[in-house]
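Working notes for the structure below.
In the numbering used here, the protein residues as written are 202 to 329.
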């Protein structure tokens, strides 16, 4: 079992999934590390996947026409972000930056959609 198992189990998106489905999900995860202030994605980038924070904190924000930063949300360990544009097939609607050294679990969109199409009960269990 990979060392990020606890992060997945504690995430609301995957809470309560049976062990076999958790193992299938773990096989598609790409672990990524970001330093403080490092950009994870920018507004308008392709929604290539979603993230779960394993360690650290991530700020989601937009920049106003006046150039001012508008913070939309700050995510910490166990929280999921970037999932809506991924599931809708859209681009990211805001910017994401690591506000401290962070370890993120990245779920590539194509691999995740393939996994759900091969195992439809996975999506039903995630919605439960």
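Every residue gets a Cβ at the ideal spot worked out from N, C-alpha and C, and that includes glycine.
Quiz item: How many Å lie between residue 266 and residue 285 at the Cα?
Solution: 24 Å
Self-check item: residue 214 versus residue 236: straight-line alpha-carbon distance, rounded
Solution: When only Cα atoms are considered, residue 214 and residue 236 end up about 25 Å apart.
Quiz item: How about residue 283 and residue 251: do their beta carbons lie closer than 7 Å?
Solution: yes
Quiz item: Any chance the stretch 245-259 sits against the stretch 219-226, with 3 or more Cβ pairs inside 8 Å?
Solution: no
Quiz item: Which one of 311, 262, 312 has the shortest CA to CA distance from residue 300?
Solution: 262
Quiz prompt | Exposure label - residue 311; buried when at least 16 CB within 10 Å | solution = exposed
Exercise. Output yes or no for whether 7 Å exceeds the beta carbon distance between residue 241 and residue 297.
Key: yes
Quiz item: Does DSSP put residue 227 in a helix, in a strand, or in coil?
Solution: Helix.
Exercise. Give me the Cα-Cα distance between residue 232 and residue 315, rounded to the nearest whole angstrom.
Key: Whole-angstrom Cα-Cα distance: 19 Å.
Quiz item: When the Cα of residue 260 is compared with those of 269, 274, 321, which residue comes out closest?
Solution: 274
Practice problem: Going by DSSP, name the residue or residues bridged to residue 159. | Solution: Since the displayed the chain opens at 202 and closes at 329, residue 159 lies outside it and no answer follows.
Practice problem: Go ahead and pull the three-state DSSP assignment for residue 320. | Solution: coil
Exercise. Taking 7 Å as the cut-off, decide whether the C-beta atoms of residue 239 and residue 304 are in contact.
Key: no
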